[in-house]
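Q: Okay, handing you the structure first.
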Amino acid sequence: MLTPVEPGPAVVVCNSCRHRPDARHDDQGQSGGQRLFDALCRVKDEMAASAEVAIQQMPCLFACGEACTIHLRAPGKIGYILGRFNGDEEGSARAIMDYAVHYAASAEGRVPYGDWPEGIKGHFIARVPPPGFVAE
Numbered sequence: 034m035l036t037p038v039e040p041g042p043a044v045v046v047c048n049s050c051r052h053r054p055d056a057r058h059d060d061q062g063q064s065g066g067q068r069l070f071d072a073l074c075r076v077k078d079e080m081a082a083s084a085e086v087a088i089q090q091m092p093c094l095f096a097c098g099e100a101c102t103i104h105l106r107a108p109g110k111i112g113y114i115l116g117r118f119n120g121d122e123e124g125s126a127r128a129i130m131d132y133a134v135h136y137a138a139s140a141e142g143r144v145p146y147g148d149w150p151e152g153i154k155g156h157f158i159a160r161v162p163p164p165g166f167v168a169e
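Read in order, the letters of the sequence shown correspond to residues 34 to 169 in the working numbering.
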């Protein structure tokens with residue numbers, strides 16, 4: 034059930050996240066997670082600085098109460114679970130990609146607070162140490 038992907042910096046999107054708490058799909062039949070994935074792909078295509086960051090998707094990150102949810106990860110770096118995004122391009126996707134670019138450029142996955150886009154603040158759920166490490 035595991036699908037191999039490139040090992041570099043990536044935003045993994047839960048493509049099955051609900052559109053809103055009382056509805057899985059929007060009026061066009063699209064889940065909130067799929068809408069966020071599509072928005073991230075559009076933003077990535079517009080941002081030359083995001084070339085190093087992959088956009089990947091998978092069903093259910095098991096953070097259903099925090100939809101829409103992503104996992105930001107890279108080898109040897111602290112990973113982050115972020116959620117409570119609305120899935121739109123301007124408010125969510127652009128902030129996620131801006132943060133992901135800073136994350137990819139960081140040594141250990143730590144981005145100085147002053148570099149956080151406004152749209153990312155308040156969306157962190159968990160940080161995950163890379164295999165073989167714990168964070169200080």
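Where a beta carbon is used, it is the ideal one built from N, C-alpha and C, also for glycine.
None of these values were measured; they are calculated from a predicted model.
1. Report yes or no: do three or more beta-carbon pairs, one from the segment 75-89 and one from the segment 118-128, lie closer than 8 Å?
2. Using a 10 Å radius around the Cβ and a threshold of 16 neighbouring Cβ atoms, would you call C93 buried or exposed?
3. Just verifying my parser: in three-state terms, what is the DSSP assignment at C93?
4. Could you have a look at R53 and say whether DSSP puts it in helix, strand or coil?
5. Quick check on the DSSP output: the alpha helix (DSSP H) that includes R117 runs from which residue to which?
6. So who's on the other strand from V161, going by DSSP bridges?
7. Give me the residue from A138, F157 and V44 with the minimum Cα distance to L73.
8. So, helix, strand or coil for S83, using DSSP?
9. Residue range of the beta strand (DSSP E) that R106 falls in?
10. Considering Cα atoms alone, identify which of E169, G109 and S49 is closest to G177.
11. Compute the Euclidean distance between the alpha carbons of E151 and R106, then round it to the nearest angstrom.
12. May I ask you to list the residues that DSSP assigns as paired with S64?
13. Evaluate D131 with the Cβ neighbour count: other Cβ atoms within 10 Å of its Cβ, from every protein chain shown; 16 or more gives buried, anything less gives exposed.
A: Taking the definition as stated:
1. yes
2. exposed
3. coil
4. strand
5. Looking at the DSSP string, R117 is not in any alpha helix (DSSP H), and its letter there is neither H nor E.
6. G112
7. V44
8. helix
9. I103 to R106
10. Residue 177 is absent from the structure shown; the chain starts at 34 and stops at 169.
11. 20 Å
12. H58
13. buried
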